[in-house]
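Participant:
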Ligand SMILES: [Zn+2]
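Numbering (this note's numbering), first residue to last: -7 to 285.
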């Protein structure tokens, strides 16, 4: 079993049956310190935790403030929900560093990451742009897609498209710190819910696994939960988990389950029913994958 720091948030999720991270062969799998999500980071990236905890958002949304050591501009990744108190904290954090917000980026368009973007841009003086893959979430005319390199304030952030959690999910690579910002594609604990295609998601995870190995990435900075200082172990766990679930779904179908709901009733029997609708969505993605859609 992965040794997790036992915070109340995790215990709560475990009571809910929220895929607690269990793996008998991975005692060495290191997870971040659950109690220090707010304020965690790397040399260039700092987490400001939003106060929107839930079964789906874990401890809350991680808003990342990223800047080169000598820069007067910072980049914000995922402003979080439209919560004035949180957005003020983000702005205060940047100003306390002696900087201003130069640009806002979104890992994807889900409201717990994106809803506060417009308001934060306004609070920062109104000239700040929001860049995202999905045009509906942009402010200004600049998009964000595969191969883009963001250089605001002298930073180097490289953009990868990693669909699966959502159609518009991006991953950002901060080479100077060896850090991979994964949004909801990889979380600090538990596993993510799929809205997009499972085939896309598996490809994204395999790509990130290879990327982390090739670059010897030091840390994953996720959209929720603690940072992960063993990216390869985390990605292997995610890939194993998906393959296990897929095998379970295949077995349920072989045993006669016909709909996503019927599969959930068999495969997620031990999981709290409040999470069944989310599970049903994931199962539907798996059924589509098995059916070649
Ligand atoms: Zn999301």
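Yeah, the Cβ is synthetic: ideal placement off N, Cα and C, and Gly gets one too. This structure is a prediction, so every number in the text was calculated from the model and none was measured.
#1: Using CA coordinates, which residue listed in 64, 131, 85 is at the minimum distance from residue 101?
#2: Which stretch, first to last residue, makes up the beta strand (DSSP E) that contains residue 67?
#3: From this set, 46, 253, 59, which residue's C-alpha is nearest residue 85's C-alpha?
#4: Need the endpoints of the beta strand (DSSP E) that residue 153 sits in, please.
#5: Does DSSP put residue 33 in a helix, a strand or coil?
#6: With a threshold of 7 Å, establish whether the CB of residue 159 neighbours any heavy atom of ligand 1.
#7: Quick test of the definition: if touching needs 3 or more C-beta pairs under 8 Å, does the stretch 241 to 251 touch the stretch 59 to 68?
#8: Would residue 277 and residue 219 be called neighbours here (beta carbons separated by less than 8 Å)?
#9: Following the continuous beta strand (DSSP E) through residue 57, name the residue where it begins and the one where it ends.
#10: Is the separation between the beta-carbon of residue 53 and that of residue 105 shorter than 8 Å?
#11: Just to confirm my understanding: we take residue 146, look at its own chain, exclude 5 residues before and 5 after, and list those with CB closer than 6 Å. What are they?
#12: Do you know how far the Cα of residue 112 is from the Cα of residue -6?
Facilitator: Considering the structure as presented:
#1: Position 109 of the chain shown, counting from 1, holds the residue named residue 101. The option with the nearest alpha carbon to residue 101 is 131.
#2: Within the chain shown, the letter at position 75 stands for residue 67. Residues 65 to 69.
#3: Reading the chain shown from its first residue, position 93 is the one you call residue 85. Residue 85 has its Cα closest to that of 59, out of 46, 253, 59.
#4: Residue 153 sits at position 161 when you count from the first residue of the chain shown. From DSSP, the beta strand (DSSP E) with residue 153 extends over 149 to 153.
#5: Residue mapping note: residue 33 aligns to position 41 of the chain shown, counting from 1. DSSP places residue 33 in strand when its eight states are reduced to three.
#6: Counting from 1 along the chain shown, the entry for residue 159 is found at position 167. Ligand 1 has no heavy atom closer than 7 Å to the beta-carbon of residue 159.
#7: Contact between the stretch 241 to 251 and the stretch 59 to 68 is not established, with fewer than three Cβ pairs separated by less than 8 Å.
#8: Stepping through the chain shown from its first residue, residue 277 is reached at position 285. Stepping through the chain shown from its first residue, residue 219 is reached at position 227. The answer is no: Cβ separation not under 8 Å.
#9: Here residue 57 corresponds to residue number 65 of the chain shown, with the count starting at 1. Where residue 57 is concerned, the enclosing beta strand (DSSP E) stretches over 54 to 58.
#10: Against the chain shown, residue 53 aligns to sequence position 61. Against the chain shown, residue 105 aligns to sequence position 113. Yes, these two residues count as a Cβ contact at 8 Å.
#11: As a working note, residue 146 is residue 154 in the chain shown. Hits under 6 Å: 60, 63.
#12: Mapped onto the chain shown, residue -6 falls at position 2. Mapped onto the chain shown, residue 112 falls at position 120. Because the pLDDT at residue -6 is just 31, under 50, the model does not fix this residue reliably, and the point stays unresolved.
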